[in-house]
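In my numbering, the protein residues as written are -18 to 117. In this text, a Cβ means the ideal position worked out from N, Cα and C, and glycines have one as well. Scroll down for the structure; my scribbles are underneath it.
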Amino acid sequence: MTAHVRVGVQAIVRSGDRILLGLRANTFGEGTWGLPGGHLELGETLMGAACRELEEETGIRALCSQVVCVTDPDPAANHHMQVGVEILDYTGDLRVREPERCERWAFWPVDDLPDALFVGSANVLRSVRDGVVHLP
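Structural data, given as structure tokens:
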């Protein structure tokens, strides 16, 4: 069997020194906390995909965004490379729009993230916490 590298996007939404994470349910990574995000679709830009996923999952609409990191493909994350897209400005009210996949959203202090991090978000969050920008 041949593995294929897949591209995931992770939306980084801040409120002061806190980052938005969702508690995953009934899906890969159930019981872990992850950034809003998903797969890049054919014809999408990286920022477009992150903004689409953010709105689909949280109701928040991004007004301005930028790519801040790219991670290497991770076998533990089903060979996904992750692209961290920081949402610099947004509008809308935060809510759970996919209750079958996310129990709740919460803002976590960057320096006190939960122990149970979603494998697809962990390296992106590490880059954000350490203030390191990883671009190819």
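Its Cα nearest to that of glycine 65, the residue Cys32 stands out among Val(-14), Ala(-16), Cys32 and Phe9.
Selection Gly101, Trp89, Gly12 and Arg42 evaluated against arginine 110 yields Trp89 as nearest (Cα-Cα).
Note on geometry: alpha-carbon atoms of isoleucine 68 and alanine -16 lie some 31 angstroms from one another. Taking a contact to require three or more Cβ pairs closer than 8 angstroms, the segment 30 to 45 and the segment 73 to 86 qualify as touching. Within the model, the alpha-carbon separation for aspartate 74 versus alanine 57 is close to 33 angstroms. Beta-bridge partners assigned by DSSP to phenylalanine 99: none are found. Look at arginine 107 here: in three-state DSSP terms it is helix.
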